[in-house]
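Novice: Residue numbering for the sequence shown is 2 to 150, as defined by the working numbering.
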Amino acid sequence: MEFREKKRFKTRSAAGTLAMGERVAEMLLPVPKMFVLRGDLGAGKTTLVKGIAAALGAASEEDVTSPTFTLVHEYTGKKVRLFHLDLYRLETERELLTLGLEEMSEEPDALVLVEWGEKFPSVVERADGEIVIEHAGGDERMFYVRVKA
Numbered sequence: 002m003e004f005r006e007k008k009r010f011k012t013r014s015a016a017g018t019l020a021m022g023e024r025v026a027e028m029l030l031p032v033p034k035m036f037v038l039r040g041d042l043g044a045g046k047t048t049l050v051k052g053i054a055a056a057l058g059a060a061s062e063e064d065v066t067s068p069t070f071t072l073v074h075e076y077t078g079k080k081v082r083l084f085h086l087d088l089y090r091l092e093t094e095r096e097l098l099t100l101g102l103e104e105m106s107e108e109p110d111a112l113v114l115v116e117w118g119e120k121f122p123s124v125v126e127r128a129d130g131e132i133v134i135e136h137a138g139g140d141e142r143m144f145y146v147r148v149k150a
């Protein structure tokens with residue numbers, strides 16, 4: 002995969018990850034866009050989404066929760082509709098089709114952030130980039146934001 006833009010960030014706490022959401026949000030605009038969020042369980046994917054949602058005025062940090070069981074959460078701001086998906090529990094492309102991911106990503110004001118999207122080649126192909134989160138010891142995290150060419 003070729004990337005036109007790559008940035009690396011390091012945070013030392015959940016509060017740092019929330020604050021970094023503002024810097025990352027700027028890289029995800031203009032919409033419509035779809036990004037895959039990669040990282041182990043507990044890496045901070047949902048915490049990052051909280052920061053991005055708050056930065057874009059789509060939801061407060063407190064209102065953003067993990068869509069592990071509902072699969073999709075939608076937050077609407079003045080300029081952006083943020084769709085937050087968690088595909089961890091899905092097994093097949095057929096299950097993925099029932100979510101309407103294609104329709105979401107075609108909305109003109111959509112920013113689609115997909116946790117565990119790397120499980121599905123079709124999601125990776127459609128994505129405009131990825132954000133990889135790695136544990137760096139203790140509460141520290143490394144974030145790699147990559148935007149496709």
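In this text, a Cβ means the ideal position worked out from N, Cα and C, and glycines have one as well.
These numbers were taken from a predicted model, which means no experiment stands behind them.
#1: How is T77 classed by DSSP in three states: helix, strand or coil?
#2: For T69, tell me which candidate among L42, M35 and A56 has the shortest Cα-Cα distance.
#3: Quick check on this structure: which residue in K80, V50 and E104 has the alpha carbon closest to the alpha carbon of I132?
#4: Between the alpha carbons of A20 and T71, how many angstroms are there, rounded?
#5: Roughly how many angstroms separate the alpha carbons of Y89 and G45, rounded to a whole number?
#6: Around the C-beta of L86, are 16 or more other C-beta atoms found within 10 angstroms, so that it is buried, or is it exposed?
#7: Residues in the same chain with beta-carbon distance under 6 Å from V81, minus the five sequence neighbours each way, listed in chain order, please.
#8: Who pairs with D87 in a beta bridge, going by DSSP?
#9: For R147, does the count of other Cβ atoms within 10 angstroms reach 16, so buried, or fall short, so exposed?
Specialist: The structure says:
#1: As a working note, residue 77 is residue 76 in the sequence shown. Residue state, collapsed to three classes: strand.
#2: By 1-based counting over the sequence shown, the position of residue 69 is 68. That would be L42, whose Cα lies nearest to the Cα of T69.
#3: As a working note, residue 132 is residue 131 in the sequence shown. It is V50.
#4: To locate residue 20, count along the sequence shown from 1; it is residue 19. To locate residue 71, count along the sequence shown from 1; it is residue 70. Using only the alpha carbons, I get a separation of about 26 Å.
#5: Within the sequence shown, numbered from 1, the residue matching residue 89 stands at position 88. Within the sequence shown, numbered from 1, the residue matching residue 45 stands at position 44. Distance between the alpha carbons of Y89 and G45: 15 Å.
#6: Here residue 86 corresponds to residue number 85 of the sequence shown, with the count starting at 1. Buried: at least 16 other Cβ atoms inside 10 Å.
#7: Numbered from 1 along the sequence shown, position 80 holds the residue referred to as residue 81. Cβ neighbours of V81 beyond the five flanking positions: V32, L57, A59, D110 and L112.
#8: Here residue 87 is taken as the residue at index 86 of the sequence shown, counted from 1. Answer is E116, bridged to D87.
#9: Residue numbering aside, residue 147 sits at position 146 when the sequence shown is read from its first letter. When all chains shown are included, R147 counts as buried.
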